[in-house]
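Below: one structure, written as structure tokens.
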Amino acid sequence: MDPPRASHLSPRKKRPRQTGALMASSPQDIKFQDLVIFILEKKMGTTRRAFLMELARRKGFRVENELSDSVTHIVAENNSGSDVLEWLQVQKIQVSSQPELLDISWLIECIGAGKPVEMTGKHQLVVRRDYSDSTNPGPPKTPPIAVQKISQYACQRRTTLNNCNQIFTDAFDILAENCEFRENEDSCVTFMRAASVLKSLPFTIISMKDTEGIPCLGSKVKGIIEEIIEDGESSEVKAVLNDERYQSFKLFTSVFGVGLKTSEKWFRMGFRTLSKVRLDKSLKFTRMQKAGFLYYEDLVSCVTRAEAEAVSVLVKEAVWAFLPDAFVTMTGGFRRGKKMGHDVDFLITSPGSTEDEEQLLQKVMNLWEKKGLLLYYDLVESTFEKLRLPSRKVDALDHFQKCFLIFKLPRQRVDSDQSSWQEGKTWKAIRVDLVLCPYECRAFALLGWTGSRQFERDLRRYATHERKMILDNHALYDKTKRIFLKAESEEEIFAHLGLDYIEPWERNA
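Residue numbers (full-length UniProt numbering): 1 to 509.
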């Protein structure tokens, strides 16, 4: 079962602000049993405390609503150790054990890392002496840590799957998707860039002060961040999730082969459910859409890494049967380290350019048809021209030969958990894309097909605006020198652009 969505994504009423309304961490959610945290509300406020408690619990920390003997760490903001002890005395709270007294910065670092971090001197709260000692007034307050300049380009940021700001990025992903459905490109890009830069941050945003100096956060974006910090949810996101048009487009586009134009048509015709769409005799579906409906339940379920690896073995077996020297690389989200995806992409290339290579994908389709492993395929022929300049569009598709297919994955080929499979089924329909590129284009194609979408957009934007070059999945062209720049690897492309190399698992922008 999928975990519940963040509170700001839920259409229910805002949660109450009282701390007593907060649920304590359930035992199955706790990853770090030895830590029991209590967050002091003094000088922090109820809403901020509730926000931090929720973030910490999501990362697997045990956070108590009330102080008790089981608490091992007391966390406070803008309080000294003496302030905390005085508060305990005023409240007449007796703590038999000796809990650690820590600044909120420690908890924020823990949330960012997704695990407990080492406690150092900068985290520990100072307890003042009981007597006056002017000769030893104690250590000065730690100056603010200088924030390293964050680039506006995702290709100059390292973005792993450890997202410290998911409560915000989920919101902006939804708003961007809604703008895409409405074909509002400018707003879509604004929200995508905001989500992208927040995903790259090594710390969690817990106050508006934390957003200072971060690029791609305009006034509208900051207003949404502030609302989520204060209320735990965004009214704009809430409105989108309750919007009938958004819900319908989200549902319609989940069908393989259905895009925005078809979704618009169905919505205007008054359709709101897929069952009514399927039963309407006046509608004509493409081959792709018919396959999308036929295997819908399988295709909307996530593809696991174990399933992707099983498909990879079968793809390589088929390709190597006809082209033994071919290189077959799994690309997309799985190359970036994701454990789940919606399809599996492969890039195929061979050092020897032959007629066999041109017929390769059709031969693979014929083989799988004979073996009963092919449920649907659409083979798109190459329109690649070697001397054509790269496209200036950041979202341009490439011109390589490719095949969009639905693969019939036998159950026995998967060496892992199959809980997502329908009961009694001996196979699962998996979306697979095969791309065949010329050997000299392999580095550019691999970079482009690895993603993420926003990383690639920014990489091309950087090439154009900062280096006066044009980059796409086929080539890199230097407009100043008027030459194509060759590359044998992704590292060489980054070097041409004057960029530090970023590993695939750091491109999850």
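Glycine included, every Cβ here is placed at the ideal spot set by N, Cα and C.
In this text, all values refer to a predicted model and were calculated from it rather than measured experimentally.
Check: Beta-carbon within less than 6 angstroms of residue 142's beta-carbon, same chain only, minus the 5 sequence neighbours each way: which residues are those?; Outcome: Any reading at residue 142 must be qualified, since the residue scores a pLDDT of 32, below 50, and its modelled position is unreliable; the value itself is stated next. Within the same chain, residue 142 has close Cβ partners 122.
Check: Which residue marks the beginning of the alpha helix (DSSP H) containing residue 110, and which one marks its end?; Outcome: 104–113
Check: What would DSSP say about residue 408, mapped onto helix, strand or coil?; Outcome: strand
Check: Sorted by chain position, which residues of the same chain lie with C-beta nearer than 7 angstroms to residue 31's C-beta, five sequence neighbours on each side aside?; Outcome: 60
Check: Output the boundary residues of the beta strand (DSSP E) element that contains residue 231.; Outcome: First-last for residue 231: 219–231, but that is the alpha helix (DSSP H), not the beta strand (DSSP E).
Check: How far does the beta strand (DSSP E) with residue 167 in it reach, from first residue to last?; Outcome: Per DSSP, residue 167 belongs to no beta strand (DSSP E); it is in the alpha helix (DSSP H), 166–181.
Check: Is it a yes or a no for the segment 395–403 touching the segment 431–449, going by three-plus beta-carbon pairs under 8 angstroms?; Outcome: yes
Check: Whose C-alpha, out of 164, 294 and 178, is nearest the C-alpha of residue 376?; Outcome: 294
Check: Check whether the segment 261–281 and the segment 367–386 are in contact - that is, three or more C-beta pairs closer than 8 angstroms.; Outcome: no
Check: Using a Cβ-Cβ cutoff of less than 8 angstroms, which residues in the same chain neighbour residue 343 once the five nearest sequence positions on both sides are dropped?; Outcome: 303, 332, 430, 431, 432 and 433
Check: I'd like the span of the alpha helix (DSSP H) that includes residue 459, first residue to last.; Outcome: 453–467
Check: Identify which residue in 456, 301 and 55 has its Cα closest to the Cα of residue 472.; Outcome: 456
Check: With H, G and I counted as helix, E and B as strand and the rest as coil, what does DSSP make of residue 486?; Outcome: coil
Check: Check whether the Cβ atoms of residue 35 and residue 72 sit closer than 8 angstroms, and answer yes or no.; Outcome: yes
Check: Sort out for me which residues DSSP pairs residue 428 with in a bridge.; Outcome: 409
Check: Can you tell me where the alpha helix (DSSP H) with residue 540 in it begins and where it stops?; Outcome: This structure cannot settle anything about residue 540, because the visible part of the chain is limited to 1 through 509.
Check: What does a CB cutoff of less than 7 angstroms around residue 152 pick up in its chain, not counting 5 residues either side in sequence?; Outcome: 215 and 216
Check: How would you write the range of the beta strand (DSSP E) that residue 64 sits in, first residue to last?; Outcome: 62–64
Check: Here's the rule: buried if 16 or more other CB atoms are within 10 angstroms of the residue's CB, otherwise exposed. What is residue 190?; Outcome: buried
Check: Just to confirm the assignment, what range does the beta strand (DSSP E) spanning residue 318 have?; Outcome: Careful: residue 318 lies outside any beta strand (DSSP E), inside the alpha helix (DSSP H) at 305–322.
Check: Rounded to whole angstroms, how far is the Cβ of residue 169 from the Cβ of residue 162, which I believe are closer than 8 angstroms?; Outcome: Their Cβ separation, rounded to whole angstroms, is 12 angstroms, which puts residue 169 and residue 162 out of contact at 8 angstroms.
Check: For residue 337, which of 503, 113 and 111 has the nearest alpha-carbon?; Outcome: 503
Check: Would you tell me roughly how many angstroms separate the C-alpha atoms of residue 41 and residue 228, rounded to the nearest one?; Outcome: 19 angstroms
Check: To the nearest angstrom, how far is it from the Cα of residue 437 to the Cα of residue 244?; Outcome: 42 angstroms
Check: What number of angstroms, rounded off, separates the C-alpha of residue 112 from the C-alpha of residue 53?; Outcome: 14 angstroms
Check: At the level of alpha carbons, what is the spacing between residue 291 and residue 285?; Outcome: 10 angstroms
Check: Taking Cβ positions, are residue 187 and residue 454 nearer each other than 8 angstroms?; Outcome: no
Check: Please classify residue 298: does DSSP put it in a helix, a strand, or coil?; Outcome: helix
Check: Between the beta-carbon of residue 447 and the beta-carbon of residue 467, is there less than 8 angstroms?; Outcome: no
Check: Buried or exposed, going by whether 16 or more other CB atoms sit within 10 Å of the CB of residue 390?; Outcome: buried
Check: My assumption, with CB atoms under 8 angstroms, is that residue 221 sits in contact with residue 239. Please give the rounded CB distance.; Outcome: No, residue 221 and residue 239 are not in contact; Cβ-Cβ is about 17 angstroms, not under 8 angstroms.
Check: Looking at the secondary structure, which residues open and close the beta strand (DSSP E) in which residue 190 lies?; Outcome: Looking at the DSSP string, residue 190 is not in any beta strand (DSSP E); the run it does join, the alpha helix (DSSP H), is 185–200.
Check: Have a look at residue 515 and residue 495 and give me their C-alpha separation to the nearest angstrom.; Outcome: This structure gives no information on residue 515, because the portion of the chain shown stretches from 1 to 509.
Check: Does DSSP put residue 79 in a helix, a strand or coil?; Outcome: coil
Check: Could you tell me if residue 157 is buried or exposed, where buried requires 16 or more neighbouring beta carbons within 10 angstroms of its beta carbon?; Outcome: buried
Check: What does residue 341 pair with, by DSSP beta-bridge criteria?; Outcome: 303
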